[in-house]
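Protein chains in written order, with our numbering: chain A, 180 to 307; chain B, -13 to 264.
The structure under discussion appears below in the form of structure tokens.
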């Protein structure tokens, strides 16, 4: 490391600079590869029930929404309908879900629900 | 490492130093203290991440105190003490302002108060330690002290600049929204733009000491030695901040890289422009 303003630079500066160049090039190559080989298309959203827990008199239904598509989605609306009388349909909205990303949430039912008779679905989304 | 001259101490000087540090904390942390996302994160953010933020920030504060600091120090013990002092002062400043803004009150659970203050403390503490630098031009009490500049010191200041500007932007939803709206090609252009602007700063501002950019030097020399490491620092700081603020959770690798590139744009400008304010 140099300690005065001489024209001769310390080798460590070139080593760090060279390594940084490799990192920057790697980032750019990664992005270029993704840009070239990833086909564009709509968001492909799926929803799955992860767990159903009893909470007091009701149930909490943990869900996971995955976007397997190549485009991000926003304002993703999902719903869960339980077959039990009085349970009804519950809705949730996720703000954003990028390509290849996932997000978790939960529906809260006031009555116990049977996970085998529970219907969950993605109702709609916007393309940001 | 440079040793700064010890100035005569006294209650008046100590009060002035504290007042200056509190002012610095206020100036640097105010944008974050008035950001809703940070209030909300204060109660839901994983405590392990908050702890990691505090643990990793402390050595940075000590090094910052050594480089700049709000009082002249000659020993590492003084720098550690000053860092604790900056954190303590920031804690008080943040608590007062959050209470005045109605973000915390006597009904707020203790854990939530701690979370909301802890997340704001680090940028405020950076501000407290930078106060000497930020306000020294208007202070006539002592002449500016010439410090020995090193290449490592330049990179460190770049990191502080990147963290500071990144801290302002990382908690907001906008970084993620931008990263969702753009394609990989946009991200690639953003990398090029960030590096180009950084290099402009490196030339315009000039870097002191051993890393000085001289007119005789070819453009690629400071580009390799300063600009590229600066961008890697900004990118790493961005990724770190996005992880701290739980913005990378559930993202794909491409999504995380693109979000980091979006945040690295202001962080890179912060890194390159650090020399202007520090």
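Glycine included, C-beta positions come from ideal geometry on N, C-alpha and C.
Remember, it's a predicted structure, so these values are computed and weren't measured experimentally.
Does the beta-carbon of residue i have 16 or more other beta-carbons within 10 angstroms, so that it is buried, or is it exposed?
i                      : result
residue 296 of chain A : exposed
residue 24 of chain B  : buried
residue 188 of chain A : buried
residue 221 of chain A : exposed
residue 202 of chain B : exposed
residue 93 of chain B  : exposed
residue 238 of chain A : buried
residue 14 of chain B  : buried
residue -3 of chain B  : exposed
residue 212 of chain A : exposed
residue -8 of chain B  : Residue placement at residue -8 of chain B is flagged as unreliable, the pLDDT there being 47, under the threshold of 50; a coordinate-derived value is accordingly withheld.
residue 247 of chain A : exposed
residue 194 of chain A : exposed
residue 20 of chain B  : exposed
residue 229 of chain A : exposed
residue 261 of chain B : buried
residue 69 of chain B  : buried
residue 153 of chain B : buried
residue 227 of chain A : exposed
residue 63 of chain B  : exposed
residue 91 of chain B  : exposed
residue 106 of chain B : buried
residue 205 of chain A : exposed
residue 157 of chain B : buried
residue 252 of chain B : buried
residue 125 of chain B : Low confidence applies to residue 125 of chain B: its pLDDT is 44, below 50, so where it sits in the model is not reliable enough to give any reading.
residue 273 of chain A : buried
residue 232 of chain A : exposed
residue -13 of chain B : With a pLDDT of only 41 at residue -13 of chain B, under the threshold of 50, the placement of this residue in the model should not be trusted; the figure read from the coordinates follows. Per the 10 Å Cβ criterion, exposed.
residue 226 of chain B : buried
residue 259 of chain B : buried
residue 113 of chain B : buried
residue 37 of chain B  : exposed
residue 87 of chain B  : exposed
residue 65 of chain B  : buried
residue 208 of chain A : exposed
Since residue i and residue j are thought to touch, with beta carbons under 8 angstroms apart, how far apart are those beta carbons, to the nearest angstrom?
i                      : j                      : result
residue 217 of chain B : residue 244 of chain B : Contact doesn't hold; Cβ gap of about 16 angstroms is too wide.
residue 284 of chain A : residue 241 of chain B : At roughly 18 angstroms, the Cβ-Cβ gap does not stay under 8 angstroms, so residue 284 of chain A and residue 241 of chain B are not in contact.
residue 225 of chain A : residue 304 of chain A : About 12 angstroms; that fails the 8 angstroms criterion.
residue 47 of chain B  : residue 104 of chain B : The Cβ separation is near 14 angstroms, so there is no contact.
residue 108 of chain B : residue 43 of chain B  : 5 angstroms
residue 35 of chain B  : residue 232 of chain B : 7 angstroms
residue 277 of chain A : residue 165 of chain B : 7 angstroms
residue 142 of chain B : residue 49 of chain B  : 6 angstroms
residue 287 of chain A : residue 269 of chain A : 7 angstroms
residue 210 of chain B : residue 200 of chain A : 6 angstroms
From which residue to which residue does the beta strand (DSSP E) around residue i run?
i                      : result
residue 245 of chain A : 237 to 246
residue 228 of chain A : 224 to 234
residue 271 of chain A : 268 to 276
What residue range does the alpha helix (DSSP H) around residue i cover?
i                      : result
residue 150 of chain B : 137 to 155
residue 192 of chain A : 190 to 216
residue 66 of chain B  : 62 to 86
residue 15 of chain B  : -3 to 19
residue 227 of chain B : 214 to 230
residue 28 of chain B  : 22 to 30
residue 160 of chain B : 160 to 167
residue 45 of chain B  : 33 to 53
Under the DSSP definition of a beta bridge, which residues are partnered with residue i?
i                      : result
residue 286 of chain A : A:240
residue 301 of chain A : A:257
residue 252 of chain A : A:276
residue 203 of chain B : The partner list for residue 203 of chain B (beta bridge, DSSP) is empty, contrary to what the question assumes.
residue 281 of chain A : A:245
Hey, would you say the C-beta of residue i is under 8 angstroms away from at least one heavy atom of the ligand ATP?
i                     : result
residue 83 of chain B : Of ligands this structure carries none, so the ligand ATP is not represented either.
Cβ-based contacts, 7 angstroms cut-off: residues of the segment 219 to 244 of chain A near chain B: none
Contact residues within the segment 260 to 283 of chain A, judged by C-beta distance below 7 angstroms to chain E: In the structure shown, chain E cannot be found, because the protein chains are A and B.
Chain A contacts made by the segment 147 to 169 of chain B, where a contact means CB separation under 9 angstroms: 159, 162, 163, 165, 166, 167 and 169
Interfacial residues, the segment 229 to 251 of chain B to chain A, with Cβ spacing under 7 angstroms: 236, 237, 238, 240, 241 and 243
Interface positions of the segment 33 to 52 of chain B facing chain A (Cβ-Cβ less than 9 angstroms), listed along the chain: none
Residues from the segment 4 to 30 of chain B in contact with chain A, defined by Cβ distance under 9 angstroms: none
Residues in the segment 173 to 186 of chain B having any Cβ partner in chain A nearer than 9 angstroms: Residues 173, 174, 177, 178 and 181.
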